[in-house]
Amino acid sequence: MVTTTNPSAGKARRKSGAAPAPSLDSADVLLVTAQQLFAEKGIDAVSMREIARESGQRNNSALHYHFGSKEALIQAILQRGMVKIDGLRNDYLDRVFVEQRYTDLRALVEAIVWPLATGLATTQVNSYNRFLAAAQMHPEVDLAGSTREDGERGFRRIQDMLEPLLPAVPPLLLRQRFLAAVAFVIFSLADFERLKTRRGKNNRGFDLQRAVENLIDMLCGAISAPVSPQVAQRVAEHDPPKPFSARAKATP
1 MVTTTNPSAG
11 KARRKSGAAP
21 APSLDSADVL
31 LVTAQQLFAE
41 KGIDAVSMRE
51 IARESGQRNN
61 SALHYHFGSK
71 EALIQAILQR
81 GMVKIDGLRN
91 DYLDRVFVEQ
101 RYTDLRALVE
111 AIVWPLATGL
121 ATTQVNSYNR
131 FLAAAQMHPE
141 VDLAGSTRED
151 GERGFRRIQD
161 MLEPLLPAVP
171 PLLLRQRFLA
181 AVAFVIFSLA
191 DFERLKTRRG
201 KNNRGFDLQR
211 AVENLIDMLC
221 GAISAPVSPQ
231 VAQRVAEHDP
241 PKPFSARAKA
251 TP
């Protein structure tokens, strides 16, 4: 997230010290301000009026003009961030192919984690992962359904490459593990953002590289964990094999 003030946004400055950059137009100023407020306070605790005030607007008419509703504003923040991160993720996957690491589970997990963690490697104040965590927790926000096709291509590529790497994990379970891994990454990186911000105020360092690499280690273990007999039985009950007679009839 950028940290200087847009001249057109007036002299109001966020108490947290993070304000939109000079190059942003009024819609971007509102998006950046809303993202940080949602990240810091939670979605339900922030009103459209507060977003307008903290972004330097005299009233909330600009918010309604650009976005129409709070729900549309949230969707715009999600899409804006996801498209950027998906670009980073696809670039990462392209490098994985060039380096011939596409059969390496760790490389694919890195492609899940590092694009979301990239912003934390800067000296700027970051809030996107905390915003994602707040959105993930909100009962009326569907993260999976909120992302358009141009914001999830990287995720689809990873899922397609994971399946042949883990043939012992049924596809249904692998998808559940993948979605759980993404949620775990969001909440973990949100906590890293919080720690980095808090320690930065106290001039204390935070070893991001170590934290992210350890997160990747944990995810590799979770995604590739052996399927227990209990879970295998539940999978079989959910999708039982067809009777022999049925298979015979289906054979050309």
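Going by my numbering, the first residue of the sequence shown is number 1, and it counts up by one from there. We treat Cβ as the ideally placed atom computed from N, Cα and C, and that holds for glycine.
Residue from the options with nearest C-alpha to residue i
i	options	result
Pro167	Ile85, Phe97 and Ala225	Ala225
Phe178	Gly154, Phe192, Lys196 and Thr197	Gly154
Met161	Arg106, Asp25 and Arg198	Arg106
Leu174	Gly221, Asn214, Ala211 and His138	Gly221
Helix, strand or coil at residue i according to DSSP, with G and I counted as helix
i	result
Ser26	helix
Gln57	coil
Gln36	helix
Asp86	helix
Pro7	The predicted model places Pro7 with a pLDDT of 36, which falls under 50 and marks its position as unreliable; any figure quoted below should be read in that light. Helix.
Val141	coil
Val212	helix
Tyr102	coil
Ser188	helix
Thr123	coil
Ala45	coil
Glu152	coil
Proximity of residue i and residue j at Cβ, strictly below 7 Å
i	j	result
Leu189	Leu78	no
Ile186	Gln136	yes
Leu93	Arg157	yes
Leu120	Phe192	yes
Leu219	Ala181	yes
Phe206	Lys196	yes
- How do the segment 24 to 38 and the segment 63 to 80 stand: do at least 3 beta-carbon pairs fall below 8 Å, yes or no? yes
- Message: For the pair the segment 125 to 140 and the segment 88 to 98, tell me if three or more CB-CB distances fall below 8 Å.
- Response: no
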